[in-house]
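Structure first, then comments.
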Amino acid sequence: MEGDDFDYGKYHTLEEINDWVQSMAMKYKTITTIFNITNSYEGRPLLGLKISSQSEIERKGFWLEGGIHSREWIAPATVIYMAGYILDHYNSDPEMMALLDMFDWYIVPVVNPDGYEYTWSKDRMWRKTRSRHGACIGVDPNRNWDMEWCKSGASKDPCSDEYCGPFAFSEVEVKGVADYIMTQTKNITGFIDFHSYSQLWMSPWGYTKELPTDFKQQDEGGMEACAALERVNGTKYEHGSIANIIYIASGSSADWTYAKAGIKYSYGVELRDTGKYGFLLPADQIIPSGQETLQGIVALAKYIYNNK
Ligand SMILES: [Zn+2]
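Numbering-wise, the sequence shown is residues 1 to 308 according to UniProt numbering.
Pasting the structure below:
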């Protein structure tokens, strides 16, 4: 599939998404590189796209990922829309140009390829990976990170949707992303793991209601993002720490990237909606979600750039 034929207003299969990654890398080969983080438990590629302007200025990295929870289809769709928009407009839209001047962008649309494939072929509401560790299939990949792993807000029951796994980083997809981030760790200063739904821009901690030392700046960045996002379509987001704004969850991505990889501006973002459609968000909301979230990213990137 050519990048030009890709319909950003529809949900896409894993195969279509991977084709899109390849075609964008071909079309914009001077500023993009594909990276294959690992193969999934069932052997599917876990692809990412790095977008980096050719200018010589040294830049920090900014990581955007979606699809860690497979049924949250708006997350990959929004990440793809934003990356596509940045690439199609980096020469014509000053704000996109500014994004590439400030940061190198690491885009990973589908962190949990096996789960995502399963939501298309068998069970639309599947959330976990598809690994086999016990009586039931799959681990919650956002309870599997090696930071206060399985202390609270996670389950040791393999049949639970919040199963933390037999040990931290048991999931090849989670371990793969963490290892990859560690190789770039000096470089990356912004990280967002996109989820749905609830319309929340959340910073650490997830494992405790106590707030980290950088909370004020992390939350200010979130506040800037929410304000810019709301200006596009009037969509209201709230910001705050994960444990305080949604629920306690240990072993989540943003806690690990902040505490262990030293990424000060680490977030988990819950995209549209607030429950009317929930995980089954109609496709006609993809582009509005992409447009507003991208403005949130523009505002947050500026904030981080000025408050390193
Ligand atoms: Zn989620």
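Glycine included, C-beta positions come from ideal geometry on N, C-alpha and C.
Quick caveat, the model's predicted, so the values are computed rather than measured.
Check whether the Cβ atoms of residue i and residue j lie closer than 8 Å to each other.
{"i": "residue 225", "j": "residue 205", "result": "no"}
{"i": "residue 171", "j": "residue 144", "result": "yes"}
{"i": "residue 139", "j": "residue 228", "result": "no"}
{"i": "residue 111", "j": "residue 15", "result": "no"}
{"i": "residue 180", "j": "residue 87", "result": "no"}
{"i": "residue 64", "j": "residue 192", "result": "yes"}
{"i": "residue 199", "j": "residue 247", "result": "no"}
{"i": "residue 76", "j": "residue 84", "result": "no"}
{"i": "residue 178", "j": "residue 158", "result": "no"}
{"i": "residue 255", "j": "residue 147", "result": "yes"}
{"i": "residue 196", "j": "residue 72", "result": "yes"}
{"i": "residue 303", "j": "residue 220", "result": "yes"}
When we look at the beta-carbon of residue i and count the other beta-carbons within 10 Å, is it buried (16 or more) or exposed?
{"i": "residue 234", "result": "exposed"}
{"i": "residue 241", "result": "buried"}
{"i": "residue 183", "result": "exposed"}
{"i": "residue 2", "result": "Its pLDDT being 48, under 50, residue 2 is placed unreliably by the model, and the measurement read from it follows with that caveat. Residue 2 comes out exposed."}
{"i": "residue 270", "result": "buried"}
{"i": "residue 102", "result": "buried"}
{"i": "residue 7", "result": "exposed"}
{"i": "residue 94", "result": "exposed"}
{"i": "residue 51", "result": "buried"}
Does the beta-carbon of residue i, which I'm using as the reference point, lie nearer than 7 Å to any heavy atom of ligand 1?
{"i": "residue 162", "result": "no"}
{"i": "residue 112", "result": "no"}
{"i": "residue 72", "result": "yes"}
{"i": "residue 144", "result": "no"}
{"i": "residue 195", "result": "yes"}
{"i": "residue 69", "result": "yes"}
For residue i, I'd like the list of residues in its chain whose CB is within less than 8 Å of its CB, leaving aside the five on either flank, ordered along the chain.
{"i": "residue 284", "result": "9"}
{"i": "residue 61", "result": "103, 104, 105, 106, 184, 187, 188, 189, 190"}
{"i": "residue 54", "result": "30, 31"}
{"i": "residue 126", "result": "70, 71, 115, 118, 119, 138"}
Going by the DSSP bridge assignment, what does residue i pair with across the sheet?
{"i": "residue 61", "result": "104, 188"}
{"i": "residue 193", "result": "65, 268"}
{"i": "residue 50", "result": "33, 106"}
{"i": "residue 202", "result": "240, 268"}
{"i": "residue 39", "result": "45"}
{"i": "residue 163", "result": "155"}
{"i": "residue 320", "result": "Here the chain covers residues 1 to 308 and nothing more, so residue 320 does not appear."}
Could you tell me whether the Cβ of residue i comes closer than 8 Å to any Cβ of chain D?
{"i": "residue 139", "result": "Included in the structure is just one protein chain, with no chain D present."}
What does a CB cutoff of less than 6 Å around residue i pick up in its chain, not counting 5 residues either side in sequence?
{"i": "residue 249", "result": "153, 206"}
{"i": "residue 372", "result": "The structure shown does not extend to residue 372, since the chain is modelled only from 1 through 308, so no value can be given for it."}
{"i": "residue 274", "result": "199"}
{"i": "residue 166", "result": "133"}
Can you list, in chain order, the residues of its chain with a C-beta nearer than 7 Å to that of residue i? Leave out the 5 residues immediately preceding and following it.
{"i": "residue 245", "result": "200, 202, 238"}
Are there any heavy atoms of ligand 3 lying less than 7 Å away from the beta-carbon of residue i, as far as the coordinates show?
{"i": "residue 124", "result": "Among the ligands present in this structure, namely ligand 1, ligand 3 is not found."}
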